[in-house]
Amino acid sequence: MLNKDEHHANLLQQKPQRQQKLRLAPFLFLLGGMVILSVLLLAGWQVYITNTAPSSTGNISTQHDDPVHKPWDDYPDVYWQTLRAQMAQRLHMSEQQIRDNLHATLLANNSADGNKTNISSADAAKWMKDLASAHGISQEQLHIIELTAVRQAHKTLVDRHKLTQQQADENMRKMNQDDLNFHMVDAFSGGDDTNGTKQ
């Protein structure tokens, strides 16, 4: 056993080691805090950029106001044929009935010559909503019907090797509600173009 003097000397020798450990602790806490803060900022940034995609609420721009070339602008006819067939089937209507409704309502109200380039996002959304409500389909059901039809049309392109599954998934992620509504207008307006870019 150590006597008092040896014990005291031993404690004095250990004191610098304890002080060194104590000086390191705030640095480690600061470093850990910076790492946690960085992770939180990165996660917040990711949430912010994914939630800043264009929204369909209140957007009243016309189709020609969107100068961005979207991937589906060059889709082949089979995409639009599949889309029309899927929408007609899910709305329990014929393709011709939907086309006639579009021409009698939306296209007739927006331009004298039936040109769809003057159709706003709000007009396309209203037409789809009115068409669905006339057949007892809620807004939520309509959204599911549109997504399912577009997904099936993309599947057709994948099956025909026009797109890879990854490209189809990516293009689907790029679509917002306005894109879905304009897809329906484009599919049933007599042309297979989108957003009024080709006449």
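Be aware that the sequence shown starts at 1, since it is given in this note's numbering, and climbs by one per residue.
We put the CB at the ideal spot given by N, CA and C, even for glycine.
Bear in mind that the values here come from a model prediction, so they are computed numbers and not experimental data.
Annotation for His183: the continuous alpha helix (DSSP H) segment containing it runs 177-188.
Runs of the alpha helix (DSSP H) lying entirely within the segment 77-121 and spanning at least 4 residues, in chain order: 77-91, 95-102. Between Asp73 and Ala125, the C-beta gap is not smaller than 9 Å, which leaves the two residues out of contact. If you draw a 10 Å sphere on the C-beta of Val39, you find fewer than 16 other C-beta atoms in it, and that means exposed.
Its Cα nearest to that of Lys129, the residue Leu142 stands out among Ile119, Ser120, Leu142, Ser121.
Closest option to Gln152, judged by alpha-carbon separation, among Val78, Gln96, Asn109: Val78. Residue state for Gly32 is assigned as helix, using DSSP reduced to three classes. Secondary structure at Thr148: helix, using DSSP grouped into helix, strand and coil. When Tyr75, Ser138, His154, Ala25 are compared, the shortest CA-CA separation from Arg173 is found for His154. Per DSSP, reduced to three states, the secondary structure at Leu131 is helical.
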